[in-house]
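Undergrad:
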Amino acid sequence: MRYARISGTGSFLPERIVSNSELALELSTRNILTSDRWIVERTGIHQRHLAKSNVTSSQLAIEAAKLALNKAHLEPLDLDLIIVATSTPDHVFPSTACLVQTALGATKSAAFDIQAACSGFIYALIIAENFICAGNMQNLLVIGSEVFSKLIDWNDRNTCVLFGDGAGATVVTASLTSGIISTHMMSDGNLTDILSVKGNIANGKIIGDPFLRMDGQSVFKKAILALEDSARLVCDRANINPNDIDWFIPHQANIRILHLVAQRLGISMKKIVITLDKHANTSAASIPLALDKACNDNRIKPGDLVLMQGVGAGFTWGSVLMRI
Ligand code: UT7
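In our numbering, the protein residues as written are 22 to 345.
Now the structure itself:
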């Protein structure tokens, strides 16, 4: 049996940390009212990292990728494929993955981006697993990288307090012993309106709204149902009970979603890896950022069973169950 195993993780966050109180103060100068208390109570977020305006997704991705390669004891020339999951690419084209490829000097690799919003990392990991299981690739780099601050309407308190910037990278390697055990991915294009950035570039102009818009309550309710169903499916396929997992790494959007999904699945709260307090919602980067954190602080150990779940615009969602 050939498995896809995560052999290295890395992450990178912009230096500037903005606390809820600092953000609330800044917003108050434009008569936009929010508070540390509201943000913490409704989301669990305490702070976020925000990139300078000239920082791009590829720059964050490159730093995270170097660290992941180092952990995997691999060189860029060992890579067969680079996939970057992002909704904030540097350009329309070339892909952010091609920019990462050239910066690393991974000249024996193919490279492309995928866009599945906050589910992007899970989608990209499942794509990587399929290339490995098909038998024609050995080492892949799967990255989630975002500068979501560029999509935020800083006059909309419903959304501007929720997001942050960052990148997480994983090296995915073919293995005969352990790795990804079961996966699931799904979309519902009927729900495009509940979370979107509808603007596009045409004829030298931005046509439509260039900012992120969200019907938070609809997303909240759909996320809980989708994540619960998807988790049950991957656990059933692997013939395990959800509480048999050692670590639960859901997309980091809202602490209430994380708790409710874990509760419905019977997963102990102690098993949830939480980084949204420090990072806020970093979209496609949130899961690899959390995975890297929990590997670095030795919570996740070799042999552990880990369930990762993404959910976001599209509507898209999915799960990966893997043995580390
Ligand atoms: O990454 C993709 C996945 N994204 C998600 O999963 C996000 C899912 N949704 C959520 O996390 C939550 O729905 C939010 C955090 C976005 C909002 O929380 P909520 O409990 O659903 O609040 P709400 O939208 O129902 O708003 C409650 C009140 C409203 O005031 P009224 O109408 O009750 O007077 C809002 O205007 O809170 C108000 N409000 C705020 N107040 C202070 C909304 N944003 C803020 C704010 N500060 N930043």
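For each residue, glycine too, the CB sits at the ideal point set by N, CA and C.
These numbers were taken from a predicted model, which means no experiment stands behind them.
1. Helix or strand or just coil, what does DSSP make of L54?
2. Alpha carbon to alpha carbon, how far is I202 from N262?
3. Which residue marks the beginning of the alpha helix (DSSP H) containing T194, and which one marks its end?
4. Helix or strand or just coil, what does DSSP make of Q159?
5. Is T296 near the ligand UT7, judged by its Cβ being under 7 Å from some heavy atom?
6. By Cβ distance below 8 Å, which residues in the same chain neighbour I173 in space, the five residues on each side in sequence not counted?
7. In whole angstroms, give me the CA-to-CA distance for L95 and Q238.
8. Indicate, with yes or no, if the ligand UT7 has a heavy atom lying under 7 Å from the CB of T55.
9. Can you find at least 3 beta carbon pairs, one from the segment 39-58 and one from the segment 87-103, that sit closer than 8 Å?
10. Taking the DSSP output, what are the residues bridged to F269?
11. Quick check on this structure: which residue in D267, H280, L88, H205 has the alpha carbon closest to the alpha carbon of L254?
12. For M22, count neighbouring C-beta atoms within 10 Å of its own C-beta (all shown protein chains included) and say buried if the count is 16 or more, exposed if not.
13. Hey, which unbroken runs of the beta strand (DSSP E) at 3 residues or more fall wholly within the segment 186-261?
14. Does the ligand UT7 have a heavy atom nearer than 7 Å to the CB of V282?
15. Are I53 and I60 touching if we call contact CB-CB under 8 Å?
16. Nearest to T337 by CA position, among S116, I345, D318, C139, is which residue?
17. Pop quiz: H300 and G165 are said to be a contact at Cβ under 8 Å. What is the actual Cβ separation, rounded to whole angstroms?
18. What runs of the alpha helix (DSSP H), each 4 residues or longer, lie entirely inside the segment 72-160?
19. At a threshold of 7 Å, does S304 count as lining the ligand UT7 (C-beta to nearest heavy atom)?
20. Can you tell me whether DSSP reads V182 as helix, strand or coil?
21. Using DSSP with H/G/I as helix, E/B as strand and the rest coil, what is H300?
22. Where does R37 sit, in a helix, a strand or coil, going by DSSP?
TA: Reading from the atomic positions:
1. Looking up residue 54 in the sequence shown gives position 33. L54: coil per DSSP, three-state reduction.
2. Against the sequence shown, residue 202 aligns to sequence position 181. Against the sequence shown, residue 262 aligns to sequence position 241. Near 14 Å, if we compare the C-alpha coordinates of N262 and I202.
3. Against the sequence shown, residue 194 aligns to sequence position 173. Unbroken run through T194 is the beta strand (DSSP E), 186-196; no alpha helix (DSSP H).
4. Working through the sequence shown from its first residue, we reach residue 159 at position 138. Correct three-state label for Q159: coil.
5. Position 275 of the sequence shown holds residue 296. Not so, every heavy atom of the ligand UT7 lies at least 7 Å from the Cβ.
6. Working through the sequence shown from its first residue, we reach residue 173 at position 152. Result list for I173: T180, C181, F184, F232, L233, in chain order.
7. As a working mapping, residue 95 is identified with position 74 in the sequence shown. As a working mapping, residue 238 is identified with position 217 in the sequence shown. Taking the straight line joining both Cα atoms gives about 44 Å.
8. By 1-based counting over the sequence shown, the position of residue 55 is 34. Judged by the Cβ position, T55 qualifies as a neighbour of the ligand UT7 at the 7 Å threshold, a heavy atom of the ligand being closer than this.
9. Taking 8 Å as the limit for Cβ pairs, the verdict is that the segment 87-103 does not touch the segment 39-58.
10. As a first step, residue 269 must be located in the sequence shown, where it is residue number 248. Residue pairing of F269 in beta bridges, as defined by DSSP: I293, L328.
11. Within the sequence shown, the letter at position 233 stands for residue 254. If we check each option's Cα against that of L254, H205 comes out closest.
12. To locate residue 22, count along the sequence shown from 1; it is residue 1. By the 10 Å Cβ count, M22 comes out exposed.
13. Every beta strand (DSSP E) of 3 residues or more that sits fully in the segment 186-261 is shown, in chain order, as 186-196, 201-208, 221-223, 226-228.
14. Residue numbering aside, residue 282 sits at position 261 when the sequence shown is read from its first letter. It does not: the Cβ of V282 is nowhere closer than 7 Å to a heavy atom of the ligand UT7.
15. As a first step, residue 53 must be located in the sequence shown, where it is residue number 32. As a first step, residue 60 must be located in the sequence shown, where it is residue number 39. Judged by their CB atoms, I53 and I60 are not nearer to each other than the 8 Å cut-off.
16. Along the sequence shown, read from residue 1 onward, the residue named residue 337 stands at position 316. T337 has its Cα closest to that of C139, out of S116, I345, D318, C139.
17. Residue numbering aside, residue 300 sits at position 279 when the sequence shown is read from its first letter. Residue numbering aside, residue 165 sits at position 144 when the sequence shown is read from its first letter. Between G165 and H300 the Cβ distance is about 12 Å, and since that is not below 8 Å, they are no contact.
18. Here the runs fully enclosed are 78-92, 117-125, 141-154.
19. For the purposes of this step, residue 304 is taken as residue 283 along the sequence shown, with counting starting at 1. Under cutoff, so the answer is yes.
20. As a working note, residue 182 is residue 161 in the sequence shown. Correct three-state label for V182: coil.
21. Position 279 of the sequence shown holds residue 300. Three-state result, H300: helix.
22. The sequence position of residue 37 within the sequence shown is 16, counting from 1. DSSP places R37 outside both helix and strand once states are collapsed to three, so it counts as coil.
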